[in-house]
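A.B. asks: Dropping the structure in here first, questions after.
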Amino acid sequence: MKFSIYRYNPDVDKKPYMQDYDIQLEDSDQMLLDALVRIKQVDDTLSLRKSCREGICGSDAMNINGKNGLACITKLVDLEEPVVLRPMPGLPVIRDLVVDMTQFFDHYNSVKPYLENNDPLLETERLQSPEDRAKLDGLYECILCGACTTSCPSFWWNPDKFVGPAGLMQAYRFIADSRDQAQEERLENLEDPYRLYRCHNIMNCVDVCPKKLNPNAAIAKIKDLKIERAKEKKPKKLFSIKLL
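Per the numbering used here: the sequence shown = residues 863 to 1106.
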């Protein structure tokens, strides 16, 4: 099976280049990560991230034939040859298929992805109704692989300002949590021309998510909440002018 893989070692290379590989695989029912492990056995200079091999850790996210995805759950039989592999776009390349995720996690941390509750600590966990718990479905399952955010042109254009689909979906995950007491602060934190409103509903995030989540829907709900919040804060008319 033929592969064309992005190569770049900043300590050696002046610029990136594509390197071709042609390998024989014993089983046809293998995943892309299996092929990459085989390639690395042949060429140990190839750098990539991997860990769980089960679509849980998100570490092996990369651009596969022009679309972001996880190598460990991408079937080789579903790929056209040559399989073109590049690092996820929009982030600095450390080496080969490994990108620097610092900016991605900085945006994630900026939305305070944890419960804020000032009530006295309970002897048991903080409970919520099944109905309130159900509101978090489709939000908490994010594995922070970065596939959605690095597929987003708005992130490419504003990488230091736009929080991105993954971060914004986690912002809504805590806004929607009945146990959290910081909804106003969370909405205020996104009161900026770039952090939230650079989302233009391009929908690449939905198309590439390996967990089949919908960051765009979460972003839309944040925008709806901010509209309602603005209406509540709209000053009342002190007088009216009647034209004769």
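Heads up, the beta-carbon is just placed ideally off N, CA and C, and yes, glycines get one too. Values in this document were obtained by computation on a predicted structure and should not be read as measured data.
Quick test of your reading: A933 and L898, contact by CB under 8 Å. State the CB separation rounded to the nearest angstrom.
C.D. replies: 6 Å
A.B. asks: Compute the beta-carbon to beta-carbon distance between A1038 and L1006, rounded to the nearest angstrom, for a pair I have assumed lies under 8 Å.
C.D. replies: Not confirmed; about 18 Å, so no contact.
A.B. asks: Does the structure place the region 979-986 close enough to the region 1057-1076 that three or more beta carbon pairs sit under 8 Å?
C.D. replies: no
A.B. asks: For I885, which residues of its own chain have a beta-carbon under 8 Å away from its beta-carbon, when the five flanking residues on both sides are left out?
C.D. replies: M863, F865, A897, R900, I901 and V904
A.B. asks: Jot down the residue ranges of each uninterrupted alpha helix (DSSP H) in the region 916-980, minimum 4 residues, whole runs only, in chain order.
C.D. replies: 964-972
A.B. asks: Between D968, H969, R915 and L938, which lies nearest to N927 when the distance is taken from Cα to Cα?
C.D. replies: If we check each option's Cα against that of N927, L938 comes out closest.
A.B. asks: Which parts of the region 997-1055 are runs of the alpha helix (DSSP H), unbroken and 4 residues or longer, counting only runs that do not cross its ends?
C.D. replies: 1015-1019, 1027-1037 and 1045-1051
A.B. asks: Check the C-beta distance from D1012 over to P1077 and give it rounded, since I have them as a contact under 8 Å.
C.D. replies: In the sequence as presented, Asp is not what sits at residue 1012; that position holds Thr. Contact flag wrong, Cβ pair sits at about 12 Å.
A.B. asks: Are the CB atoms of D922 and L910 within a distance shorter than 8 Å?
C.D. replies: yes
A.B. asks: Can you tell me where the alpha helix (DSSP H) holding Q839 begins and where it ends?
C.D. replies: The chain is shown only over 863 to 1106; residue 839 falls outside these bounds and no answer can be derived.
A.B. asks: From what residue to what residue does the alpha helix (DSSP H) around D1086 run?
C.D. replies: P1077 to K1095
A.B. asks: Let's see if you can read the secondary structure: which residues bound the beta strand (DSSP E) around D1069?
C.D. replies: For D1069, there is no enclosing beta strand (DSSP E); the residue is found in the alpha helix (DSSP H) stretching over N1066 to V1070.
A.B. asks: Specify the secondary structure class of R869 as computed by DSSP and reduced to three states.
C.D. replies: strand
A.B. asks: Would you mind stating whether M880 and Y868 have Cβ atoms separated by less than 8 Å?
C.D. replies: yes
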